[in-house]
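Notes follow once the structure below has been shown.
Number of protein chains: 2
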Amino acid sequence: MPRSRVTIRDVAALAGVSHQTVSRVINGHERVTPETRQRVMRAIDDLGYRPNEVARSMAQGRTRLLACFSPNLIDYTFASLIEGAEQMARQQGYFLLSASAPDEETFACLVEELIHSRRADGLIVFNPYSDGRYTRMPKGVPGVYAGVHTPTEELDTISLDDKEGGRIAAQHLLSLDHRRIACLTGPITEECTRERLAGLANALGDAGARSEDSVNFEGDWSVESGYRATQMLLRSGHEFSAICAQNDRMAIGAIHALREAGLHVPQDVSVIGFDDIPLAAYINPPLTTIRQVPYDIGQVAARLLIERVEQPTRAVQHLLLPAKLIVRESTAVYQHRAVKNEPR
Amino acid sequence: MPRSRVTIRDVAALAGVSHQTVSRVINGHERVTPETRQRVMRAIDDLGYRPNEVARSMAQGRTRLLACFSPNLIDYTFASLIEGAEQMARQQGYFLLSASAPDEETFACLVEELIHSRRADGLIVFNPYSDGRYTRMPKGVPGVYAGVHTPTEELDTISLDDKEGGRIAAQHLLSLDHRRIACLTGPITEECTRERLAGLANALGDAGARSEDSVNFEGDWSVESGYRATQMLLRSGHEFSAICAQNDRMAIGAIHALREAGLHVPQDVSVIGFDDIPLAAYINPPLTTIRQVPYDIGQVAARLLIERVEQPTRAVQHLLLPAKLIVRESTAVYQHRAVKNEPR
DNA sequence: TTGAAAGCGCTAACAA
DNA sequence: TTGTTAGCGCTTTCAA
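Line by line, the protein sequences are chains A and B. Here this note's numbering = 1-based position in the first sequence + 189. Here this note's numbering = 1-based position in the second sequence + 189.
This is the structure we're talking about:
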């Protein structure tokens with residue numbers, strides 16, 4: 190009894206042709222008589238034949254499977270990117286296998302099992318510079334870096350224009366007369382943290398703000414970390430009238446901490462986020478933020494990767510997607526009463 | 190030039206054994222002399238050999254790839270389930286390919302391309318009853334339904350105990366003296382919507398509440414839909430002192446709508462959610478909710494599926510995970526001033 | 001314990 | 001236009 194129900198040879202037998210002719214029909218080759226094609230198609234239908242993709246992969250040396258490694262699969266940014274990449278991949282006849290690679294170790298392991306063992310044709314890596322994972326990147330394999338600004342010589346990259354996003358956020362606060370801005374950053378090891386910070390610094394510099402008026406607290410993107418960082422900020426004694434959070438979740442944590450401290454947003458402190466997650470417009474107060482569309486990043490990443498898989502010699506590309514300010518109600522004009530707490 | 194850098198035969202040649210012996214070493218068979226094994230291992234290292242997984246899949250008739258179809262990959266519940274399933278799969282030597290199947294059509298297409306073409310060994314389907322997708326389920330293929338209560342004869346199922354969750358939510362509100370409860374439901378076509386509703390009705394019945402005191406508005410799980418449904422509720426003229434939302438996002442939308450209408454939560458209206466998303470504790474007011482852990486559902490689903498893949502005749506299992514009430518600040522004792530608006 | 005032969009289901013190259 | 005012959009890289013008999 191055959192392992193797979195029906196093979197190409199069964200179809201060939203029924204249609205009275207060679208299995209090769211069946212293969213031609215399946216693959217849409219021209220050189221087949223319409224009549225033969227008909228017969229083969231009928232046989233395929235009658236038998237309920239389905240090509241075995243593993244066998245095709247084997248014979249062709251390509252799997253039409255793309256891998257996508259990201260720190261996790263749950264956070265809105267990552268999940269959106271993955272869905273974007275998956276849609277584009279499927280549209281182009283590929284599948285996307287997404288895996289969470291929270292650390293360098295796991296990353297290396299996945300590269301081994303998915304790329305070196307030839308299960309996948311190519312690889313999208315999200316945030317490869319958040320630790321040493323870029324060092325574990327396989328050579329000579331089609332790959333795309335997402336969330337990366339530093340142009341690489343070998344790999345295509347696609348990212349949000351984080352620096353510009355940071356600049357726009359700062360500029361918005363500056364335009365509301367805020368001068369003492371506290372920034373809640375992501376892990377400083379991550380490139381996008383540094384980019385957003387650089388954009389902020391640029392805007393501050395351009396506006397002639399004194400650098401000693403600003404202060405950074407490092408979080409890990411989670412709402413908890415934003416909450417804790419804000420508590421520390423409040424205890425630190427730093428003066429500030431605005432918080433620039435590098436993502437919406439930390440911004441929400443910040444607002445929560447401020448509220449617990451009896452401070453009102455935006456009357457006492459303005460808060461701006463980053464991402465524009467679906468909930469941003471519905472929290473209290475609705476969050477002013479910088480919108481990025483990770484879904485688009487994923488789509489572009491998959492497109493770039495497929496291009497490279499199918500055309501390995503194509504010139505390397507580096508793309509940047511625009512950031513956009515979304516003004517809601519968590520930011521307001523500076524009221525000349527910046528928060529000042531005594532250091533404990 | 191060989192398509193794959195190094196094959197089992199290259200290793201065999203270098204080690205001076207047959208390729209079959211190399212295969213035995215790779216697969217950890219017993220019947221190999223330690224000495225031979227050593228030689229082969231050295232050759233593998235020297236050549237940087239990696240088994241080609243496609244060829245293994247081909248020869249073995251199994252791919253060690255699992256598929257997971259869910260309505261989308263982005264929503265917290267789905268993304269968590271996927272990550273849970275992915276972790277469990279990898280732990281057991283499988284990979285998980287997750288794909289979004291928002292409609293029956295896409296679902297059927299994915300079944301065709303992933304299952305019938307034998308790319309995947311088995312299939313996890315999340316919410317198969319949200320439309321007709323369960324009718325497109327392949328027969329005779331290892332599969333698991335997640336988020337399903339109706340025991341099937343053929344497939345393993347794993348779900349949150351939604352009915353109990355609904356009951357607990359209602360009971361909490363009842364214990365706070367609320368009697369007029371408005372429920373914001375998910376799509377009524379979905380099984381978990383109906384289960385949570387049934388739990389609610391049971392609790393209400395047990396407490397002797399009049400059924401005409403409760404009212405349902407249907408949403409689609411999105412924060413927007415919760416917002417709109419609540420606006421409609423307010424305009425409808427129904428009296429209510431509490432809103433029981435079937436997920437946290439709709440609860441957040443509801444709170445937003447109430448706030449816009451000048452109502453305070455929980456002083457004027459109590460709101461309870463469902464899920465306990467990470468942001469639930471940080472919104473204003475912190476959300477009372479029913480916790481479920483979709484990550485665990487995913488883990489169990491993957492475990493069940495792998496068991497079935499490896500042991501097709503094992504008895505069918507139907508599992509239910511417990512729901513838990515998390516009390517925060519969005520619910521309070523009934524203040525004897527239920528909202529009453531005139532119908533427009 | 002090891003090796004030789006056959007085949008997994010398909011595509012590619014060549015021949016007819 | 002169609003068929004034949006070889007593989008793709010591995011595992012699984014079966015012999016030795």
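Heads up, the beta-carbon is just placed ideally off N, CA and C, and yes, glycines get one too. Since the structure is predicted, the reported quantities are computational estimates derived from the model, not experimental observations.
Give the range of the alpha helix (DSSP H) segment to which residue i is assigned.
{"i": "residue 361/B", "result": "351 to 364"}
{"i": "residue 440/A", "result": "437 to 449"}
{"i": "residue 231/B", "result": "223 to 236"}
{"i": "residue 472/A", "result": "Element bounds for residue 472/A: n/a, residue is neither H nor E."}
{"i": "residue 394/A", "result": "380 to 395"}
{"i": "residue 293/A", "result": "293 to 299"}
{"i": "residue 211/B", "result": "208 to 215"}
Evaluate residue i with the Cβ neighbour count: other Cβ atoms within 10 Å of its Cβ, from every protein chain shown; 16 or more gives buried, anything less gives exposed.
{"i": "residue 227/A", "result": "exposed"}
{"i": "residue 524/B", "result": "exposed"}
{"i": "residue 453/B", "result": "exposed"}
{"i": "residue 531/A", "result": "Unreliable placement is indicated for residue 531/A, whose pLDDT of 47 sits below 50; no coordinate value is reported for it."}
{"i": "residue 340/A", "result": "exposed"}
{"i": "residue 379/A", "result": "buried"}
{"i": "residue 352/B", "result": "buried"}
{"i": "residue 346/B", "result": "buried"}
{"i": "residue 260/A", "result": "buried"}
{"i": "residue 302/B", "result": "buried"}
{"i": "residue 248/B", "result": "exposed"}
{"i": "residue 415/B", "result": "buried"}
{"i": "residue 243/A", "result": "buried"}
{"i": "residue 401/B", "result": "exposed"}
For residue i and residue j, what's the separation of their Cα atoms in angstroms?
{"i": "residue 211/A", "j": "residue 218/A", "result": "10 Å"}
{"i": "residue 241/B", "j": "residue 194/B", "result": "10 Å"}
{"i": "residue 191/B", "j": "residue 501/A", "result": "Only weak support exists for where residue 191/B lies, its pLDDT of 39 falling under 50; the coordinates are left without a value."}
{"i": "residue 533/A", "j": "residue 424/A", "result": "Model confidence at residue 533/A stands at a pLDDT of 38, short of 50, so the residue's coordinates are unreliable and nothing is read from them."}
{"i": "residue 311/A", "j": "residue 455/A", "result": "47 Å"}
{"i": "residue 321/B", "j": "residue 496/A", "result": "36 Å"}
{"i": "residue 491/B", "j": "residue 499/B", "result": "12 Å"}
{"i": "residue 293/A", "j": "residue 313/A", "result": "15 Å"}
{"i": "residue 376/A", "j": "residue 480/B", "result": "29 Å"}
{"i": "residue 437/B", "j": "residue 255/B", "result": "30 Å"}
{"i": "residue 431/A", "j": "residue 478/B", "result": "31 Å"}
{"i": "residue 421/A", "j": "residue 461/A", "result": "18 Å"}
{"i": "residue 349/A", "j": "residue 316/B", "result": "34 Å"}
{"i": "residue 515/A", "j": "residue 521/A", "result": "13 Å"}
{"i": "residue 200/B", "j": "residue 334/B", "result": "43 Å"}
{"i": "residue 381/B", "j": "residue 266/B", "result": "13 Å"}
{"i": "residue 445/A", "j": "residue 471/B", "result": "6 Å"}
{"i": "residue 527/B", "j": "residue 475/B", "result": "In this prediction, residue 527/B has a pLDDT of 49, which is less than 50 and means its spatial position is unreliable; nothing more can be read from the coordinates."}
{"i": "residue 202/B", "j": "residue 510/A", "result": "51 Å"}
{"i": "residue 205/A", "j": "residue 232/A", "result": "9 Å"}
{"i": "residue 467/B", "j": "residue 225/B", "result": "54 Å"}
Name, in chain order, the residues that DSSP records as bridge partners for residue i.
{"i": "residue 315/A", "result": "335/A"}
{"i": "residue 459/B", "result": "431/B"}
{"i": "residue 257/B", "result": "287/B and 313/B"}
{"i": "residue 518/B", "result": "According to DSSP, which records beta bridges pairwise, residue 518/B is partnered with nothing at all."}
{"i": "residue 406/A", "result": "373/A"}
{"i": "residue 513/A", "result": "480/A"}
{"i": "residue 464/B", "result": "480/B"}
{"i": "residue 345/A", "result": "333/A"}
On the DSSP letters alone, give me the boundaries of the beta strand (DSSP E) that residue i sits inside.
{"i": "residue 371/A", "result": "370 to 374"}
{"i": "residue 419/B", "result": "Per DSSP, residue 419/B belongs to no beta strand (DSSP E); it is in the alpha helix (DSSP H), 412 to 425."}
{"i": "residue 508/A", "result": "507 to 510"}
CB of residue i to nearest heavy atom of the ligand MN: below 6 Å?
{"i": "residue 467/A", "result": "In the structure shown, the ligand MN is absent, as is every other ligand, since no ligand is present at all."}
> Taking any Cβ of chain B, which residues in the segment 263 to 277 of chain A have a Cβ under 9 Å from it, in chain order?
Replying inline: 263, 264, 265, 267, 268, 269, 271, 272, 275 and 276
> Relative to chain B, which residues along the segment 435 to 456 of chain A have a C-beta separation below 8 Å, given in chain order?
Replying inline: 438, 441, 442, 444, 445 and 448
> Along the segment 222 to 243 of chain B, what residues have a CB closer than 8 Å to any CB found in chain A?
Replying inline: 239, 240, 241, 242 and 243
> Closer than 9 Å, Cβ to any Cβ of chain B: which residues of the segment 403 to 414 of chain A, in chain order?
Replying inline: 411, 412 and 413
> Using a Cβ cut-off of 8 Å, which residues of the segment 318 to 345 of chain B contact any Cβ in chain A, in chain order?
Replying inline: none
>> Against chain A, which members of the segment 467 to 501 of chain B pass a CB distance test of less than 7 Å?
In response: 467, 468, 471, 472 and 473
>> At a CB distance below 8 Å, what residues from the segment 281 to 299 of chain B approach chain A? Give them in sequence order.
In response: 284, 285, 286, 287, 288 and 289
> Of all the residues that make up the segment 244 to 262 of chain A, which are near chain B by a beta-carbon distance shorter than 7 Å?
Replying inline: 244, 246, 247, 250, 252, 261 and 262
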